[in-house]
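K.L.:
Got a structure here, written out as structure tokens. Questions coming.
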Amino acid sequence: MNLLTVNMEAAVRTSELSKSYGHAGSRVTVLEGVDLEFQRGRLTAIMGPASSGKSTLLHCLAGLEQPTSGQVWVGETRITGLDHERLSRLRRERIGFIFQNYNLMPALTVAENIILPFELAGRVLDHDHVELVVRTLGLSHLLLHRPDELSGPEAQSVAVTRAFIGHPQVVLADEPTAALDHRASAQLLGLLRRGVDELGGSVIMVTHDPAVASVADRVVFFESGRVAAEMSEPTQHGVLRQLTDLRRRREAVLARHL
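Numbering of the sequence shown is given in my numbering, commencing with residue 15 and proceeding in unit increments.
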């Protein structure tokens with residue numbers, strides 16, 4: 015792998031990251047010149063209007079999409095340009111994922127589902143760490159259940175636990191509360207906070223909900239494929255105000271072109 019000297023405090027880093035689709039006259043730019051660092055041991059929320067580039071950013075950070083130009087580092091490893099085999103191995107060993115639909119294997123118990131990343135990566139199971147994560151995230155009472163015996167919030171709790179099990183460099187969460195009600199969302203966010211605060215994890219989470227973003231340590235706002243603003247120690251009111259400002263700015267730009 016191509017190792018470079020970078021900020022060792024960064025879990026993930028991008029440099030001049032751009033992503034476009036199409037050709038010549040029909041080209042659409044989704045990300046443009048994005049420079050970001052996501053620090054270790056922090057929960058960062060990514061927000062922005064539809065088609066602002068936030069989900070594409072997450073896919074590039076995970077190596078699920080290759081950028082048109084620019085670079086992505088996961089820890090000290092530059093993942094841009096890695097071949098398929100090395101990129102797949104890096105994702106299995108160093109990136110945790112939380113999706114909206116849980117992605118649990120129905121034939122496996124909860125215990126078997128959460129250790130699946132170890133087995134897929136061919137790694138020796140770290141029993142002490144597994145026990146720590148399960149205990150910290152409160153999953154002990156569900157270990158022998160199968161996914162069809164779980165409620166939606168319980169299934170998402172399993173997905174969160176699985177994401178932290180393998181000592182990942184970073185956990186990437188794509189709208190993890192989208193299918194949950196308010197109470198279940200609060201429970202899930204509590205799990206993510208414990209994963210960061212008590213397990214030392216690093217989380218990058220795409221969300222459209224100001225209440226969800228307010229539990230983060232930092233919010234990065236996207237607009238038209240660029241970083242439009244950032245906020246530390248966010249509040250729900252502050253996030254909502256920033257989104258309102260961005261929407262008004264966008265409407266003003268559109269009005270000038272009419």
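Beta carbons: idealized from backbone N, C-alpha and C, even for Gly.
Computed from a predicted model, the values in this text were never measured in an experiment.
Measuring CB to CB, does Ala76 end up less than 8 Å from Gln183?
P.N.:
For the purposes of this step, residue 76 is identified with residue 62 of the sequence shown, where counting begins at 1. For the purposes of this step, residue 183 is identified with residue 169 of the sequence shown, where counting begins at 1. No, these two residues do not count as a Cβ contact at 8 Å.
K.L.:
Evaluate Arg197 with the Cβ neighbour count: other Cβ atoms within 10 Å of its Cβ, from every protein chain shown; 16 or more gives buried, anything less gives exposed.
P.N.:
For the purposes of this step, residue 197 is taken as residue 183 along the sequence shown, with counting starting at 1. Its Cβ having fewer than 16 others within 10 Å, Arg197 is exposed.
K.L.:
Which of the three DSSP states, helix, strand or coil, is assigned to Thr191?
P.N.:
Here residue 191 is taken as the residue at index 177 of the sequence shown, counted from 1. The answer is coil: DSSP assigns Thr191 none of H, G, I, E or B.
K.L.:
Under 8 Å, do Val147 and Thr175 count as touching if we go by C-beta distance?
P.N.:
Along the sequence shown, one-based indexing puts residue 147 at 133. Along the sequence shown, one-based indexing puts residue 175 at 161. A contact, by the Cβ cut-off of 8 Å.
K.L.:
Here's a check: name, in chain order, each residue in its chain whose Cβ is nearer than 8 Å to the Cβ of Thr119, leaving out the five neighbours to either side.
P.N.:
Taking the first residue of the sequence shown as position 1, residue 119 is located at position 105. Note on identity: in this sequence residue 119 is Met, with Thr being the wrong assignment. Cβ within range, chain order: Glu126, Asn127, Leu130 and Pro161.
K.L.:
To which residues does DSSP link Phe236 through a beta bridge?
P.N.:
Here residue 236 refers to the residue found at position 222 when the sequence shown is read from its first residue. Its beta-bridge partners are Val241.
K.L.:
Can you give, in chain order, each stretch of the beta strand (DSSP E) that sits fully within the segment 54 to 86 and has at least 3 residues?
P.N.:
Runs of the beta strand (DSSP E) inside the segment 54 to 86: 57 to 61.
K.L.:
Using a Cβ-Cβ cutoff of less than 6 Å, which residues in the same chain neighbour Leu18 once the five nearest sequence positions on both sides are dropped?
P.N.:
Mapped onto the sequence shown, residue 18 falls at position 4. A caution first: Leu18 carries a pLDDT of 39, below 50, which makes its placement in the model unreliable, though a value can still be read off. Cβ neighbours of Leu18 beyond the five flanking positions: Arg92.
K.L.:
What three-state label does DSSP hand Asp49 in the structure shown?
P.N.:
Translated into positions along the sequence shown, residue 49 becomes position 35. Of the three classes helix, strand and coil, the one that applies to Asp49 here is strand, per DSSP.
K.L.:
Since Ser32 and Glu46 are thought to touch, with beta carbons under 8 Å apart, how far apart are those beta carbons, to the nearest angstrom?
P.N.:
If you number the sequence shown from 1, residue 32 lands on position 18. If you number the sequence shown from 1, residue 46 lands on position 32. That belief holds up - the Cβ atoms of Ser32 and Glu46 are roughly 5 Å apart, short of 8 Å.
K.L.:
Cβ of Ala192 within 8 Å of Cβ of Gln256?
P.N.:
The count along the sequence shown starts at 1 and reaches residue 192 at position 178. The count along the sequence shown starts at 1 and reaches residue 256 at position 242. No.
K.L.:
Quick check on this structure: which residue in Glu247, Pro248, Gln53 and Glu237 has the alpha carbon closest to the alpha carbon of Leu260?
P.N.:
As a first step, residue 260 must be located in the sequence shown, where it is residue number 246. For the residues Glu247, Pro248, Gln53 and Glu237, the minimum Cα distance to Leu260 belongs to Glu237.
K.L.:
Using DSSP with H/G/I as helix, E/B as strand and the rest coil, what is Arg246?
P.N.:
Along the sequence shown, read from residue 1 onward, the residue named residue 246 stands at position 232. The sequence given here places Ser at residue 246; Arg does not occur at that position. Correct three-state label for Ser246: strand.
K.L.:
Nearest-angstrom Cα distance between Glu107 and Thr258?
P.N.:
By one-based count along the sequence shown, residue 107 stands at place 93. By one-based count along the sequence shown, residue 258 stands at place 244. Roughly 39 Å between the two C-alpha positions.
K.L.:
Buried or exposed for Leu151, please, with buried defined as at least 16 other CB atoms from any protein chain shown within 10 angstroms of its CB.
P.N.:
Along the sequence shown, read from residue 1 onward, the residue named residue 151 stands at position 137. With 16 or more other Cβ atoms within 10 Å, it is buried.
K.L.:
Would you kindly work out how many angstroms separate the C-alpha atoms of Cys11 and Gly36, rounded to a whole number?
P.N.:
Outside the displayed span of the chain (15 to 272) sits residue 11, for which this structure offers no information.
K.L.:
Ignore the nearest five residues each way along the sequence and tell me which others in Ser228's own chain have a CB closer than 7 Å to its CB.
P.N.:
Position 214 of the sequence shown, counted from the first residue, corresponds to residue 228. So the qualifying residues of the chain are Pro248, Thr249, Gln250 and Val253.
K.L.:
Measuring only the C-alpha atoms, how far is Ala266 from Pro63?
P.N.:
Within the sequence shown, the letter at position 252 stands for residue 266. Within the sequence shown, the letter at position 49 stands for residue 63. Going by the C-alpha atoms only, they are around 15 Å apart.
K.L.:
In chain order, what residues of the same chain have a beta carbon less than 6 Å from the beta carbon of Gly89, not counting five sequence neighbours either side?
P.N.:
As a first step, residue 89 must be located in the sequence shown, where it is residue number 75. Correct list, in chain order: Gln183.
K.L.:
For Ala177, count the other beta carbons within 10 Å of its own beta carbon; 16 or more makes it buried, fewer makes it exposed. Which is it?
P.N.:
Here residue 177 corresponds to residue number 163 of the sequence shown, with the count starting at 1. Counting Cβ neighbours within 10 Å, Ala177 comes out buried, since at least 16 surround it.
K.L.:
What would DSSP say about Glu212, mapped onto helix, strand or coil?
P.N.:
One-based indexing of the sequence shown puts residue 212 at position 198. Of the three classes helix, strand and coil, the one that applies to Glu212 here is coil, per DSSP.
K.L.:
How far does the beta strand (DSSP E) with Ser29 in it extend, from its first residue to its last?
P.N.:
As a working note, residue 29 is residue 15 in the sequence shown. Taken as a continuous stretch (DSSP letters only), the beta strand (DSSP E) holding Ser29 covers Ala24 to Tyr35.
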